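Structure first, commentary second.
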Amino acid sequence: EAGVTQFPSHSVIEKGQTVTLRCDPISGHDNLYWYRRVMGKEIKFLLHFVKESKQDESGMPNNRFLAERTGGTYSTLKVQPAELEDSGVYFCASSGDRGSGNTIYFGEGSWLTVV
Amino acid sequence: SQKIEQNSEALNIQEGKTATLTCNYTNYSPAYLQWYRQDPGRGPVFLLLIRENEKEKRKERLKVTFDTTLKQSLFHITASQPADSATYLCALSDTGRRALTFGSGTRLQVQP
Chain A
0 EAGVTQFPSH SVIEKGQTVT LRCDPISGHD NLYWYRRVMG KEIKFLLHFV KESKQDESGM
60 PNNRFLAERT GGTYSTLKVQ PAELEDSGVY FCASSGDRGS GNTIYFGEGS WLTVV
Chain B
2 SQKIEQNSEA LNIQEGKTAT LTCNYTNYSP AYLQWYRQDP GRGPVFLLLI RENEKEKRKE
62 RLKVTFDTTL KQSLFHITAS QPADSATYLC ALSDTGRRAL TFGSGTRLQV QP
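Note that the protein sequences, when read in sequence, are chains A and B.
First residue of the first sequence: 0, per this note's numbering; consecutive thereafter.
First residue of the second sequence: 2, per this note's numbering; consecutive thereafter.
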């Protein structure tokens with residue numbers, strides 16, 4: 000069974016440009032999460048989808064970040080325009096629907112460098 | 002304010018010994034607490050979950066304890082091996098939320 004896949008694995012963009020990160024969750028997982036780790040900090044929650052609906056977007060830092068999950072399958076996270084402080088690794092994760100405490104599976108991350 | 006603390010200093014132990022990692026939290030009411038392993042350049046990998054009404058959970062060489070009075074979880078790896086060398090992350094979720102809050106992690110180095 001394929002795990003959570005993320006694309007691109009690495010991206011280097013200039014300040015002011017746009018980047019779109021993609022996440023394909025494990026097939027059948029209704030819950031999809033985005034997290035990120037910026038330099039020297041802990042992994043922080045960004046948002047949580049249940050199917051195509053945003054269940055919790057309390058961690059989104061500002062309106063330069065837009066997450067979508069059309070059709071309840073894959074998800075994209077767009078950063079527009081990118082700033083230097085957006086550099087870090089963006090993790091996507093997914094889980095099934097057996098209540099709270101379900102195992103969460105993480106992808107390998109998309110490493111973003113804004114220069 | 003809410004805080005999760007893990008020992009930021011690396012833990013170095015000899016192969017075969019038991020590694021014990023600590024996770025302390027303040028101002029949370031966690032429904033459950035999870036431990037993850039992370040290798041350099043990789044995503045976190047789930048290891049164990051312990052619920053608020055459980056004192057201890059085991060899986061092979063791993064053991065987790067959860068003391069909601071002390072607001073502390075301990076993570077033990079018995080008979081440690083060099084392959085256990087990695088960063089171990091504690092994460093918890095407040096009651097009613099799926100979002101995980103992570104600690105900064107503790108790096109474990111097992112010497113052969």
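Backbone N, C-alpha and C fix where the C-beta goes; we use that ideal spot for every residue, glycine too.
These numbers come from a predicted model, not from an experiment.
Whole-number beta carbon distance between residue j and residue i, since they are thought to touch under 8 Å
i	j	result
residue 34/A	residue 42/A	5 Å
residue 101/B	residue 5/B	Actually they are not in contact, since the Cβ atoms of residue 101/B and residue 5/B sit about 10 Å apart, beyond 8 Å.
residue 17/A	residue 114/A	Their Cβ separation, rounded to whole angstroms, is 14 Å, which puts residue 17/A and residue 114/A out of contact at 8 Å.
residue 50/A	residue 27/A	Incorrect: roughly 11 Å between the Cβ atoms, too far for contact.
residue 12/A	residue 104/A	About 27 Å separates the two Cβ atoms, so there is no contact after all.
residue 88/A	residue 36/A	5 Å
Cβ-based neighbour list, residue i, same chain, cut-off 7 Å, excluding 5 preceding and 5 following
i	result
residue 9/A	110
residue 80/A	15, 16, 17, 63
residue 80/B	17, 62
residue 68/A	31, 48, 51, 74
residue 30/B	95, 96
residue 11/B	108, 110
Beta-carbon proximity check, residue i vs residue j, cutoff 7 Å
i	j	result
residue 15/B	residue 110/B	no
residue 45/B	residue 33/B	no
residue 75/B	residue 23/B	yes
residue 7/B	residue 104/B	yes
residue 3/A	residue 93/A	yes
residue 108/B	residue 107/A	no
residue 46/A	residue 59/A	yes
DSSP bridge partner residues for residue i (one or two, in chain order)
i	result
residue 40/B	Paired residue(s): none; residue 40/B is not in a bridge.
residue 86/B	In DSSP, residue 86/B forms no bridge with anything.
residue 30/B	DSSP lists no partner for residue 30/B.
residue 58/B	65/B
residue 25/B	6/B, 73/B
Residues that residue i contacts on chain A, provided the C-beta gap is smaller than 9 Å
i	result
residue 47/B	102, 103, 104, 105
Proximal residues of chain B, C-beta to C-beta of residue i below 7 Å
i	result
residue 41/A	103, 104, 105
residue 96/A	Going along chain B, no residue has its Cβ under 7 Å from residue 96/A, so there is no contact; the nearest lies around 11 Å.
Cross-chain neighbours of residue i in chain B, by beta carbon under 8 Å
i	result
residue 71/A	None at all; the shortest Cβ gap to chain B is about 16 Å.
Within chain B, partners of residue i - CB distance below 9 Å
i	result
residue 28/A	Going along chain B, no residue has its Cβ under 9 Å from residue 28/A, so there is no contact; the nearest lies around 12 Å.
residue 90/A	44, 45
residue 58/A	100
Same chain, Cβ closer than 6 Å to residue i, five either side skipped, listed in chain order
i	result
residue 6/A	21
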